[in-house]
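For reference, the structure discussed in these notes is given below.
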Amino acid sequence: MQAIFSERKYPYNPIQACSKLFKCKNVAPEANMETHNDKIYLKKLRKAIEQKSGWGDSSQWTTQDFQTLNEAILEATQVNLSVTTLKRVLGKVQYNAQPRVSTLDALSQFLGHQDWRSFKQTKTDSNTTSQVYSSSVGGNPTFRFSYKMLLIIVLILGTIGGLIALTNRPDNYKSTAEPPAQSNARLIANTAHFRIKKISKGLPNTVVFDFGVDESKVKKIQIQQSWDPSKRIDVQPGQQQATCMYYYPGFYRAKLVVNDKILKKQNLFIESDGWVAALDRPKGKPEYMLADDLIKQNTLRVSERIRQRITQFEKPHTLNYCYFQDFGQLSGSDFTFETGFRHTLRSGKLICQQVKVSLVGTKGAVILPFAIPGCVGELGLYLNGERVKGATNDLSGFGCDFSTMQHLQVINQRNLMLIYLNKQLIWTQRLKYNLGNMVGVRYRFIGDGEIDYVRYYRANGEVAFQEEFESNRKASGTKVKK
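All letters in the sequence shown, in the order written, are residues 7 to 488 by our numbering.
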């Protein structure tokens, strides 16, 4: 050692020595440090979304989970983030590039923040900021230890220590470790209860939730109304009942959420008690059409008074027609659906005349979009968990001439779905997920529209539901063969 020091021509610099031993690297400019910190905040963003959804580790989510998240973000922020983008940002698929700021803004807004910068400002990074050492001697550049080298050293020391401990363990040593106790979440779930009671038929409908949780083991309790994690109500300490308003019919999956984890689930079926027509309004509270404004002669449509109001709206409104009831075990794997419909309003702001027809089951839905031919690039087909965008797929078959009634037929044979428009096959695809039992249909006209007839058939051809709107037409007892 003396020989080494005696040969040194310059004063000993411990920082340089450390740099040679551990291969220290010069810190990049501030931009690189900012990128490193952004990665830390991205991890926090992922964690926050996982906690809000209650679905656990996002790397284990299914495609259907990401599609559900897509719909929740769209409803909360009016920003449509693709499933692929969500998978990249949340780490489901490997992607090294930094997400766009607009994407991070939307995700931050979904979490209740103004934008990405606001999200970062609310999160402390005291435990995650890399330790940076700087030299005050001789103007040496700032540097940091190589993370890989430090990790290797820690692993080597840990392994050596473990081997020494095992080697020196007495022969008569017996482990006193006990099997891990049952997880706190499982204990809470085993003692909790969650029940649902509907107040009445029809709409709107108040639903009462009865629940019980051992509050000594929890910090936060919430009720989630449906698939949308943004629609949760907070429960106060000691509270054992809560009520929620449901404004549209449908098949919902209500959830008891404890400490941001879904603990219990209950099916909730809100029937329509006949046909319901309503205009979407702000804050989720629709305007229902009363009997005098809902015409059921030859076609289902709204009155002339309502049609005039729709034309005067500054922004386009959506007119909904809904029918939900128990069709008596109508299998979503084998059925036929037939309907006639027409968009009846065309103006500058409603030039595309968009319509969506939703076939709803107990385990999902199929949403079929239609518009004039020039607007099919804006359409999006949804087949119970799988989305097909008109921007990247040929959906020209869904283009319509609404000067005449459009006749739609959907045949599902063992989850192979065939879609016909005006007796022409426009789409065929095998469903990835089962629809369960069919329970309803919903039409959404951006603007105004009318319905000619509605029919559901079972696999054997029997009529499960038909509505001809008091015309002279009658549905046949068996489905139309293609």
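Beta carbons are placed, not taken as given, at the ideal position from N, Cα and C, and that holds for glycine.
Please state whether DSSP places alanine 283 in a helix, a strand or coil.
Reduced to three states, the DSSP call for alanine 283 is strand.
Report the three-state DSSP secondary structure of leucine 414 (helix, strand or coil).
Note: leucine 414 maps to strand in three-state DSSP.
Which two residues bound the contiguous alpha helix (DSSP H) that contains arginine 313?
Note, arginine 313: alpha helix (DSSP H), 310–318.
DSSP state of valine 95, grouped into three classes?
It is helical.
Whether or not the stretch 306–317 and the stretch 225–243 are in contact is what I'm after, with contact meaning three or more pairs of Cβ atoms, one per stretch, closer than 8 Å; do they touch?
Counting Cβ pairs under 8 Å, fewer than three are found: no touch.
Is there contact here, the stretch 445–453 with the stretch 319–332, by at least three beta-carbon pairs under 8 Å?
Contact holds: three or more Cβ-Cβ distances are below 8 Å.
Using DSSP's beta-bridge definition, name the partner residues of histidine 349.
Here histidine 349 is bridged, per DSSP, to Gly455.
If distances are taken between C-alpha atoms only, which option among Pro210, Gln115 and Asp216 comes closest to lysine 203?
When C-alpha distances from lysine 203 are compared across Pro210, Gln115 and Asp216, the shortest belongs to Asp216.
Less than 6 Å between C-beta atoms, sequence neighbours within five positions excluded: which residues of the same chain meet that for alanine 82?
The answer, listed in chain order, is Phe116 and Ser236.
Using CA atoms only, rank isn't needed, just tell me which of Pro255, Gln230 and Asp234 is closest to alanine 248.
When only C-alpha atoms are compared, the closest one is Gln230.
Provide the residue span of the alpha helix (DSSP H) that contains glutamine 127, from first to last.
That run of the alpha helix (DSSP H) goes 122–128.
How long is the line joining the alpha carbons of leucine 51 and valine 264, rounded to whole angstroms?
The alpha-carbon atoms of leucine 51 and valine 264 are separated by roughly 20 Å.
Ignore the nearest five residues each way along the sequence and tell me which others in glutamate 474's own chain have a CB closer than 6 Å to its CB.
Spatial neighbours of glutamate 474 in its own chain (CB-CB distance under 6 Å, excluding positions within 5 residues in sequence) are listed in chain order as Tyr459.
So serine 232 and tyrosine 254 are supposed to be a Cβ contact under 8 Å. How far apart are they, rounded?
Rounded to whole angstroms, the Cβ separation of serine 232 and tyrosine 254 is 10 Å, and the two are not in contact under 8 Å.
Per the contact definition of three or more C-beta pairs closer than 8 Å, is the stretch 431–445 in contact with the stretch 294–310?
The stretch 294–310 makes no contact with the stretch 431–445; the number of CB pairs closer than 8 Å stays below 3.
Inter-residue Cα distance where the pair is lysine 355 and proline 322
Cα atoms of lysine 355 and proline 322: separation of roughly 7 Å, rounded to the nearest angstrom.
Could you give the DSSP three-state label for proline 322: helix, strand or coil?
Per DSSP, reduced to three states, the secondary structure at proline 322 is coil, with no helix or strand assignment.
So, glycine 403 versus lysine 395, is the Cβ gap smaller than 8 Å?
Cβ atoms of glycine 403 and lysine 395: not closer than 8 Å.
Measure the beta-carbon distance from asparagine 76 to valine 89 and round it to whole angstroms, keeping in mind my assumption that it falls under 8 Å.
Indeed they touch by this definition, with Cβ atoms about 6 Å apart.
Excluding the five sequence neighbours on either side, which residues of its own chain have a C-beta within less than 7 Å of the C-beta of threonine 74, listed in chain order?
Excluding positions up to five away in sequence, the list reads Trp233.
Would you say tyrosine 462 and phenylalanine 341 are within 8 Å of each other, going by their C-beta atoms?
For the pair tyrosine 462 and phenylalanine 341, the CB atoms are nearer than the 8 Å cut-off.
Can you tell me where the beta strand (DSSP E) with aspartate 216 in it begins and where it stops?
From DSSP, the beta strand (DSSP E) with aspartate 216 extends over 211–218.
Note down, in chain order, each residue of its chain lying with its Cβ closer than 8 Å to the Cβ of glutamate 476, except the 5 sequence neighbours on either side.
These residues qualify, in order along the chain: Lys302, Gln303 and Asn304.
Check whether the Cβ atoms of leucine 351 and valine 416 sit closer than 8 Å, and answer yes or no.
With contacts defined by Cβ atoms closer than 8 Å, leucine 351 and valine 416 do not form a contacting pair.
What is the C-beta distance between asparagine 443 and serine 337, in whole angstroms, given that I count them as a contact (C-beta under 8 Å)?
Rounded, the Cβ-Cβ distance is 6 Å, consistent with contact.
Through-space distance from isoleucine 373 to lysine 270, alpha-carbon basis:
Taking the straight line joining both Cα atoms gives about 28 Å.
Where threonine 165 falls: helix, strand or coil (DSSP):
Of the three classes helix, strand and coil, the one that applies to threonine 165 here is helix, per DSSP.
Aspartate 266 beta carbon less than 8 Å from that of lysine 58
The answer is yes: Cβ separation under 8 Å.
Please state whether DSSP places alanine 371 in a helix, a strand or coil.
In the three-state scheme derived from DSSP, where H, G and I count as helix and E and B as strand, alanine 371 is classed as strand.
Ordered along the chain, which non-local residues of its own chain (more than five positions away) have a Cβ less than 7 Å from that of lysine 225?
Asn265, listed in sequence order.
Measuring CB to CB, does glycine 276 end up less than 8 Å from glycine 290?
The identity of residue 276 in the sequence shown is isoleucine, whereas the question assumes glycine. No, the Cβ-Cβ distance between isoleucine 276 and glycine 290 is not below 8 Å.
Once DSSP output is grouped into helix, strand and coil, what is the label at glutamate 392?
For glutamate 392, the three-state secondary structure derived from DSSP is coil.
Alpha carbon to alpha carbon, how far is leucine 274 from threonine 212? Give it in angstroms, no decimals.
Cα to Cα, threonine 212 sits roughly 12 Å from leucine 274.
Is asparagine 443 helix, strand or coil when you go by DSSP?
Here asparagine 443 sits in strand by DSSP.
Report the option in His349, Phe451 and Ala397 whose CA atom is closest to the CA atom of threonine 410.
Considering only alpha carbons, the answer is His349.
Through-space distance from glycine 380 to glycine 455, alpha-carbon basis
Distance from the CA of glycine 455 to the CA of glycine 380, rounded to the nearest whole angstrom, comes to 19 Å.
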